[in-house]
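Peer 1:
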Amino acid sequence: MSLLDVRGLTVTYAGGTAAVRGVDLRLEAGRKLGIAGESGCGKSTLALALLRLLPAGTRVGGEVLLDGEDVLAMKWGRLRAVRWAGASIVFQGAMHSLNPVRRVGDQIAEPVLLHRRATPAGARKRTGELLEQVGLPAARAAAYPHELSGGQRQRVMIAMALACDPRLIIADEPTTALDVMVQAQILRLIERLVADQDVGLIMISHDLAVLAGTCDRLAVMYAGRVVEEGPAGDVYEAARHPYARALSAALPRIGDPASRFAPRGLPGDPPDPAALPSGCTFRPRCPVALDSCAEEEPLLGDAGADRRVACVRVTAENPTAGGPAPRPDTAAGGADPRHGTAAGGTDPPPNTATEEPNPHQATTTDDSDPRHGAATAAPDPRRSTTAGEPNPHRTPTTDEPSPRHGTAAGGTAPRRGTAAGGPGAPEETRPSTP
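Every letter in the sequence shown is one number past the one before it in UniProt numbering, and letter 197, counting from 1, is 197.
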C-alpha cells in the first residue's frame, strides 16, 4: 500500500475558480516526489488541500489516502491527530511563516506539547535535539525569528515539521529567497533527513533543476492539472509534454552558450483559471497544437517507461515503444527539420522511391538497380529517362569533370544512362587529367 494516494483531487475556491482539477498522484514511503510549475498553476493549493488547510468555503473533492485513510473524510479530532504526527508541512516563505513575537524554541515545542503530550521539560529537550538535527545549536531556541538569517529560519521550519516524527513531509518552496550556497545546504539537509528517517517527501518548487537533482519522481502542473509525471531525470532531460519540454528548455545549461545568452521561452501567458480555454488548456501557447486539441482536454495517459503524459500527440504514439515526442519548434502538421517528415509521422525506409534522386544517374522504367531499389512506377519528371533528351536538372559536364564522378588519368568513365528498352547512350568525352 502506498504512503500517499491522491485520486481525482479537485479544489474550487469560494468564488467558483477551480485551482486544482483532477490530480492523481502516488508516493511510496521513503521516496521523494517533486511538483513543478509556474506561479498560479495550483502547486501550493494542492499542498494545502492534502492536509485540509484551505480557507473556509473552499470545495475539495476526490480522495487523499494517507496510509489508506481518506484525509478528506476524517472527523476533526482525527484530522488534528494526523496533522504533524502523520503528515506535516513546511510552509512557503520562512521569512513570514514564524510568529515574530515568540521565541523559535517555543514554536518548535508547541506541536510536541499538543501531539506528544510531553512535559515542558521533555518538550525543551526535544526542541534542542531537533535544532541540532537540522544543524543549529540548541541555544538558538531562545532566539526570536528576526535574530536569525533566512537559512536559519528555514532550518527552524524543517525542525518544526520533524517534531512529531511524521511519515510524510510536504515542503512548499523550501529554498525560496535563499542564496545558492544556503539552498544547497537546505537541500542536502532534506535529503539526509528523508533517508535517515524513511519518510516520504513532497517537494514543491518552480525550479525544475532543483527538483530533478533532489527528487525521485517529478510531476509538472499546468492550469491546475498534472500534464507530465515520471522519473525526475527523464522528465527534466527528455520531457514529452510540450509545456514540460519548454519549462526545461528555459533553464540555461552549463557549457551551452546558446541557452545562456538566448534562452527559449513560450509565447503568451498562463490562462485565467476563471476562464479556461476549451479543450487542452495549453493549446493557445502550444507550438505543436492540432485542431483536435480544441475539442477535448487530454487525460493523463501512459507514455511508456513508467511515464504519464496528457498530450494527444504523445498518447497517439505507441506508448510501449517510447517513440520520440514531437519537437517544440515543429509546427502542427509541418515538417521536422531533422528528417523532412511531417510532425508525428515516420521517416520513409531507405532505398525506396521517396528518396532524393541521384542527379548523376539515369533511371529506367523496365528495370531496377537492386542496389538502389528503384521503383517500377512512372518515371520521376526530374530525371532524364531518354538517352536523347537532356536532363534540365543536371549540370553539363562537357568541359569539366563532375565533382562526384570525375576520374583521374587511366580511370573509368561514369555509368552510361540507358533509354527505356533502348540502347545505351554513348559515353561522354572527357579530357584527360594531366
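Every residue, glycine too, gets a C-beta built ideally from N, C-alpha and C.
Around the C-beta of glycine 15, are 16 or more other C-beta atoms found within 10 angstroms, so that it is buried, or is it exposed?
Peer 2: exposed
Peer 1: Within 10 Å of its beta-carbon, does phenylalanine 91 have 16 or more other beta-carbons around it, so buried, or fewer, so exposed?
Peer 2: buried
Peer 1: Quick one: grab the DSSP three-state call for proline 231.
Peer 2: strand
Peer 1: For valine 20, which residues in the same chain have their Cβ closer than 7 Å to its Cβ, ignoring the five residues on either side in sequence?
Peer 2: Leu9, Thr10, Val11, Gly42, Thr45, Leu46, Ala49, Gly224
Peer 1: Please classify tyrosine 222: does DSSP put it in a helix, a strand, or coil?
Peer 2: strand
Peer 1: From the DSSP secondary-structure annotation, give me the bridge partner or partners of aspartate 302.
Peer 2: Partner(s): Arg308.
Peer 1: Looking at C-alpha atoms only, which residue of Pro231, Pro137, Arg245 is the closest neighbour of glycine 213?
Peer 2: Pro231
Peer 1: Do residue 480 and serine 88 have their C-beta atoms within less than 8 Å of each other?
Peer 2: Outside the shown range of the chain, which is 1 to 434, sits residue 480, and nothing can be said about it.
Peer 1: Looking only at its chain, what residues have a beta carbon closer than 7 Å to the beta carbon of glutamine 154, apart from the 5 residues adjacent to it on each side?
Peer 2: Ala94, Pro174, Leu178, Ile186
Peer 1: Can you grab the Cα-Cα spacing for the pair alanine 293 / cysteine 311, in whole Å?
Peer 2: For the record, residue 293 in the displayed sequence is cysteine; it is not alanine. CA-CA distance, cysteine 293 to cysteine 311, rounds to 9 Å.
Peer 1: Does the region 25 to 44 come close enough to the region 193 to 209 to have 3 or more Cβ pairs within less than 8 Å?
Peer 2: yes
Peer 1: Rounded to whole angstroms, how far is the Cβ of leucine 211 from the Cβ of methionine 221, which I believe are closer than 8 Å?
Peer 2: About 12 Å; that fails the 8 Å criterion.
Peer 1: Determine which residues share a DSSP beta bridge with valine 244 and list them.
Peer 2: According to the sequence displayed, residue 244 carries alanine and not valine. Paired residues: none, contrary to the question.
Peer 1: Please say whether glutamine 152 and leucine 136 have beta carbons closer to each other than 8 Å?
Peer 2: With contacts defined as CB atoms closer than 8 Å, leucine 136 and glutamine 152 qualify as a contacting pair.
Peer 1: According to DSSP, is lysine 32 part of a helix, a strand, or is it coil?
Peer 2: strand
Peer 1: Pick from Cys164, Arg26, Val104: whose alpha carbon is nearest that of alanine 81?
Peer 2: Cys164
Peer 1: Measuring CB to CB, does alanine 85 end up less than 8 Å from histidine 115?
Peer 2: In contact: alanine 85 and histidine 115 (Cβ atoms closer than 8 Å).
Peer 1: Need the endpoints of the alpha helix (DSSP H) that leucine 48 sits in, please.
Peer 2: 43 to 50
Peer 1: State buried or exposed for alanine 258, treating a residue as buried only when at least 16 other CB atoms are found within 10 Å of its CB.
Peer 2: exposed
Peer 1: Over what stretch of residues does the alpha helix (DSSP H) that includes isoleucine 190 continue unbroken?
Peer 2: 180 to 197
Peer 1: To the nearest angstrom, how far is it from the Cα of methionine 181 to the Cα of leucine 208?
Peer 2: 18 Å
Peer 1: Check whether the Cβ atoms of leucine 162 and leucine 113 sit closer than 8 Å, and answer yes or no.
Peer 2: no
Peer 1: Run through DSSP, which three-state label would proline 19 get?
Peer 2: At residue 19 the sequence reads alanine, which differs from the proline that was named. The answer is strand: DSSP assigns alanine 19 an E or B state.
Peer 1: What's the C-alpha gap between alanine 139 and proline 270?
Peer 2: 46 Å
Peer 1: Any idea what DSSP makes of alanine 353, helix, strand or coil?
Peer 2: Only weak support is given to the placement of alanine 353: the predicted model assigns it a pLDDT of 39, under 50, and the question is left unresolved by the model.
Peer 1: What is the DSSP secondary structure of isoleucine 254, reduced to helix, strand or coil?
Peer 2: coil
Peer 1: Taking threonine 58 as part of the alpha helix (DSSP H), name the residues at either end of that continuous run.
Peer 2: Counting along the chain, threonine 58 falls outside any alpha helix (DSSP H), and DSSP gives it neither H nor E.
Peer 1: DSSP beta-bridge partners for methionine 203?
Peer 2: According to DSSP, methionine 203 bridges with Gly34, Ala171.
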